[in-house]
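Residue numbers (our numbering): 2 to 178.
Using N, Cα and C, we set each Cβ at its ideal position, and we do this for glycine too.
Single-structure report; data block below.
Listed below in C-alpha cells is the structure:
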C-alpha cells in the first residue's frame, strides 16, 4: 500500500516498455519457461525489457535463466526478491498467475495478463476478467495480447485499482477495536 499512490501516478502514460513475469514462488510446472518460449517467438519491440521474478526454491531457475538469455530483448531473472512492490511499480504490464498476487497487482493498478495455473485460481480469474480488471490468457495467445497492449492497458489498470485500495488491513483492525 505504501507504493500505491506513486504507482497510480505512473500509470497515466500509455507505454509498454517493461514487462514483469512472476508465476509465484515455486512454479513447479515451469510455466515461466513456457512463457519465455512463447515470447521468443513473438515480434515484440527490441526496446522492451523483461524482469522475471522467481522464488529461491523454484526448481527451474537455471533453465529459465538460459531461456531469458535467448530472448531478443533485455531480460533479467531475479530470485528471492524482497522488493516485489517496487518491481511491480516499475513495470508497465505483468504476466502472472491468478493467485494471491492478483490483489497486489490490483492495488498498484498494474495492468496484468493472468494465467490460471491451479484449479483454485479459476474463480478469481473469471471474476476479474468479467470486471475487465485483467486480461485472462492462455500461453498460446500471449503474443496477440501483448502486441495489442496499447488498446487495453490503461483501462485494465484503472479497473484493477478499483478492486483493491491497499487499506483492507486497516479496515479489519478498525472492526476489531
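About 7 Å separates the Cβ atoms of residue 111 and residue 161, confirming a contact at the 8 Å cut-off. Take residue 38, set aside five residues on each side of it, and the residues of its chain with a beta-carbon closer than 8 Å to its own are 68, in chain order. Rounded to the nearest whole angstrom, the C-alpha separation of residue 36 and residue 176 is 42 Å.
If you ignore the 5 residues before and after residue 23, its C-beta comes within less than 6 Å of the C-beta of 54 and 97, all in its own chain and listed in chain order. Per DSSP, the beta bridge partners of residue 77 are 52. Inter-residue distance for residue 164 and residue 109 is about 10 Å (C-alpha atoms, whole angstroms). Spanning the alpha carbons of residue 25 and residue 178 requires a straight line of approximately 34 Å.
Under a 10 Å Cβ-count criterion, residue 139 is classified as exposed, with fewer than 16 other Cβ atoms of the shown protein chains found around its own Cβ. The C-alpha of residue 45 is placed about 24 Å away from the C-alpha of residue 28.
By the Cβ criterion, the stretch 133–150 is not in contact with the stretch 168–175, since fewer than three pairs of Cβ atoms, one from each stretch, lie closer than 8 Å. Assignment of beta-bridge partners to residue 19 by DSSP yields 50. For residue 158, the secondary structure class from DSSP, reduced to helix, strand or coil, is helix. Note on residue 151: under 16 other CB atoms within 10 angstroms of its CB, so exposed under the neighbour-count rule.
DSSP places residue 115 inside the beta strand (DSSP E), whose first and last residues are 113–116.
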